[in-house]
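Below: the structure, in structure tokens.
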Amino acid sequence: MYQPPDPAPFNETVWEIVRQIPEGIVSTYGQIASMIPAPLGVPPDQYERLRARWVGNAMRQVPAGSDVPWHRVINSQGTISIPRGSASADVQRARLEMEGVEFDDAGRVDFDRFGWDGPSADWLAAHGLLPPRSLKSRPPHDDATQLNLF
DNA sequence: CGTTTGACTACGC
DNA sequence: CGCGTAGCCAAAC
């Protein structure tokens, strides 16, 4: 499978990050992966090619009934990655819609409206994680920039 | 042993 | 935009 050298701690980190995703908001495998530094011994270029899959694998292994809101993680195209028609895929979409997340006719979620900006900088620093890459086509501005909008 | 199969993505038509 | 493909790895057949 697409797994890191030491899957257990990697998976735990993924799940801890996913627990931070607010209700009614979605993240992606790649965005979550972007917060996790490369494990020791894994070349950065190789890591970048595999990490999103590693996250996908971690999500597949979320224990049934856990408190991890796995349904809030979709792929970079804004669609549900679980094979269409499977029971889990239906559950995922139903849960998201229950939280107010909307899907367009093509089954895609608009990241500008529902995409996650990641945990606070403090939380990330406290957990030794990196700032996530943005899902928005118009990334959130910092405070100084936002003032200019008025 | 060779093939298939994954809850991925960026990139090129 | 939608769709195919390369990149990459291991386990299960």
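Numbering-wise, this note's numbering comes out as the position in the first sequence, counting from 1, plus 76.
Here a beta-carbon is modelled for each residue, glycine too, at the ideal position from N, C-alpha and C.
Comparing alpha-carbon positions, which option in the options lies nearest residue i?
i, options, result
"L206", "V102, D186, G161, D193", "D193"
"L200", "R95, Y123, R148", "R95"
"S142", "E92, L126, P85, A109", "E92"
DSSP state of residue i, grouped into three classes?
i, result
"S142", "coil"
"S103", "strand"
"G194", "coil"
"I150", "strand"
"E124", "helix"
"L172", "helix"
"M135", "helix"
State yes or no: is the C-beta of residue i within less than 8 angstroms of the C-beta of residue j?
i, j, result
"V102", "I150", "yes"
"V131", "V90", "yes"
"Q107", "L211", "yes"
"I97", "R148", "yes"
Report all residues from its chain with a CB closer than 6 angstroms to the CB of residue i; omit the five preceding and five following residues, and keep chain order.
i, result
"W146", "M135, V138"
"P195", "Q96"
Using 10 angstroms around the beta-carbon of residue i, count the other beta-carbons present and answer buried if the total reaches 16, otherwise exposed.
i, result
"R169", "buried"
Under 8 angstroms Cβ to Cβ from residue i, same chain only, skipping five residues before and after it: list those, please.
i, result
"E178", "V185, D186, R189, F190"
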